[in-house]
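Everything in the sequence shown is counted per the UniProt record's numbering, starting at 1 for the first residue and increasing by one. Ideal Cβ placement from N, Cα and C applies to all residues, glycine included.
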Amino acid sequence: MASVAEYYAGKSVLITGATGFMGKVLVEKLLRSCPEVKALYILVRPKAGQSMQQRVSDMMKCKLFDRMREDNPDFHQKIIPISSELTQPGLAISPEDVERLTACINIVFHCAATIRFDEPLKHALQLNVMATQQLLSLAQQMQHLEAFIHISTAYANCNRKHIDEVIYPPPVEPKKLIESLEWMDESIVRDITPRLIGDRPNTYTYTKALAEYVVQQEQDKLNIGIIRPSIVGASWQEPFSGWIDNFNGPSGVFIAAGKGILRTMRANNDAVADLIPVDVVINLTLAAGWYTAVHRPKAALVYNCTTGGINPFHWGEIGMYHHVMSSFKRNPLEQAFRRPNANITSNYLINQYWILVSHKFPALIYDLFLRLSGQKPQMMRIFNRLHKAISLLEYFSSQDWEWNSDNMNMLMSQLTPEDRKTFNFDVRQLNWPEYIENYCIGTKKYVLNEDMSDIPAARQHLRKLRNIRYTFNTLLVIFIWRVFIARSQMARNIWYFVVSLCFKFLSYFRASSTLTN
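See the structure below:
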């Protein structure tokens, strides 16, 4: 049987969502580990003020492709952009491009989706369900198609506590829902959305569940594989550790904590934080593409790509000093608002207290300072955005799920020892403290574009913030003393009683030490 790289040799691959986070990693990995691949056709949407060619050119200038540039400076010649718009009929692909794609494509990787949790239902349906339907219609016209791999999410069925590698019945028939919403005004759709999504937390998980059902309906006509990653984070090993290019999910939380903006977060300390490195997801995706094409399973195979049941790591471990906080104290972010120090609690009232004391109160003081100095206040607006983002994550950070991973284990057993190294998705090898350290450094280097050589200055800034904090606390104690203790006989008596107890304790401790010596 051909190895994974040998299988992709001479193949033409179609990728949707190639300019997104996972799509870029997929393109880079295919070109680097399967150098004999014939061509990568990528669907690209022209943006305002930027042509399709410019978007692809900017993508290939990304640091992610540094290794490719060293090994093969002409790698970009294998990337062929196709103009497309997922929300338009026929994906807005020209008849010439349709003819071209149907004549040559061997494998389709469907990565495109909206990942916004608060996306309006109509738009989420267009991007996650209707676009998938239209891509499947195009795939059926492809004369040499061997595999169709759909990227879903492990949380598509988050209304269940135990999730097997099966496609569950959809909450509603997608076709009927699309027809019903077609004539409705946006305000009406917005009002009925909570009732429609039911026990799912948002439109993202709801529409991804519908998309899985849509894909399953074509399993008699196409060879299908479905990948369900959990919370996709920075790269673990490939092409280098810690690569990340966005603020989504844990990345935004880590940066907010590193900047000293995030001081409290509601999460269950004992709940599993099911992070999955992006390169693990992509390695599994490419291996699944190979297996689907070579073995042609009769029914769509689902792969739960998660870490919780294999190599668990908990929210409490992420939030405590010895991981994220200690990492940002060793490698601080530039111009931090406060020293990194976040509190994780599952109690709603305690969390609200810390939001008031550690978020809103400092923000109001800082905004007042900005107003007095003639500048535009901004901290309260930043905290409001942060609270909205954190509230969207609370559902996932406050509970546990169990995912079956039999198909992932089966796929690993089918690979040769060499392929297991090249396309490694064995998360048992993942060292969490090391991964979190590299993740935090990655947010500094690749998201915020900060230079590691400026770390001494950033550390100096943290020391300055520490001194400001000590000074403020000292002045606060003096103020309390003047206002309460110096003016009240009862307060003075209590204060003297506490001080005398401290002195007695110290005297006793000193006497005990002398006797011991």
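The continuous beta strand (DSSP E) containing Phe-148 extends over residues 147–151. DSSP places Tyr-168 outside any beta strand (DSSP E), giving it a letter other than H or E. Judged by their CB atoms, Ile-178 and Gly-442 are not nearer to each other than the 7 Å cut-off. The stretch 267–283 makes no contact with the stretch 127–142: fewer than 3 CB pairs, one atom from each, lie closer than 8 Å.
The stretch 58–73 and the stretch 98–108 do not touch, with fewer than 3 CB-CB distances between them shorter than 8 Å.
Shown here for Gln-53: same chain residues with a beta carbon closer than 8 Å to its own, the five before and five after excluded, namely Pro-81 in chain order.
A Cβ-Cβ separation of about 5 Å places Thr-285 in contact with Ile-227 under the 8 Å criterion.
Glu-434 sits in a helix when the DSSP states are folded into three classes. Residue burial annotation: Val-281 is buried, with at least 16 other C-beta atoms found within 10 angstroms of its C-beta. Contact between Ala-389 and Gly-252 holds: CB atoms are separated by about 6 Å, below the 8 Å threshold. The C-alpha of Pro-171 is placed about 8 Å away from the C-alpha of Ile-197.
By DSSP's assignment, Glu-402 forms a beta bridge with His-162.
Within the stretch 282–351, the runs of alpha helix (DSSP H) at least 4 residues long that lie entirely inside it are, in chain order, 315–319 and 326–330. For Thr-207, same chain residues with a beta-carbon under 6 Å away, outside a window of 5 residues either side, are Ala-124, Leu-125, Asn-128 and Val-129 in chain order.
For the pair Leu-301 and Arg-371, the Cα-to-Cα distance works out to about 59 Å. A direct Cα-Cα distance of roughly 31 Å separates Glu-394 from Phe-109. Counted as a single uninterrupted DSSP element, the stretch harbouring Ala-39 is not any alpha helix (DSSP H) but the beta strand (DSSP E) occupying residues 39–44.
Taking a C-beta distance under 7 Å as the contact criterion, Thr-205 and Leu-121 do not qualify as a contact pair.
For Pro-277, the uninterrupted beta strand (DSSP E) run begins and ends at 275–277, by DSSP. A Cβ-Cβ contact shorter than 7 Å links Val-4 with Asp-419. With a 10 Å radius around the Cβ and a threshold of 16 neighbouring Cβ atoms, Glu-182 comes out exposed. Fully contained in the stretch 64–152 are the following beta strand (DSSP E) runs of length 3 or more, in chain order: 79–83, 107–110 and 147–151. DSSP, read as helix, strand or coil, puts Ala-9 in strand. DSSP places Met-380 in no beta strand (DSSP E) but in the uninterrupted alpha helix (DSSP H) bounded by 379–397.
By the criterion of at least three beta-carbon pairs nearer than 8 Å, the stretch 370–386 is not in contact with the stretch 401–418. With at least 16 other beta carbons inside 10 angstroms of its own, Thr-203 counts as buried. Judged by DSSP in its simplified three-state form, Met-184 adopts coil rather than helix or strand.
Going by beta carbons, Cys-440 and Phe-328 fall inside the 7 Å limit.
Check the Cα spacing between Cys-111 and each of Thr-19, Pro-169 and Tyr-7: the tightest is with Thr-19.
Looking at the DSSP output, Gln-375 sits in no beta bridge, so it has no partner there. Counting along the chain, Ile-224 sits inside no alpha helix (DSSP H); it lies in the beta strand (DSSP E) bounded by residues 224–229. Inter-residue distance for His-295 and Gln-140 is about 19 Å (C-alpha atoms, whole angstroms). For Arg-266, the enclosing beta strand (DSSP E) starts and ends at 264–266. Residue state for Thr-16 is assigned as strand, using DSSP reduced to three classes.
In this structure, the CA atom of Ile-255 is about 12 Å from the CA atom of Arg-263.
Going by DSSP, Phe-21 is part of the alpha helix (DSSP H) stretching over 21–33.
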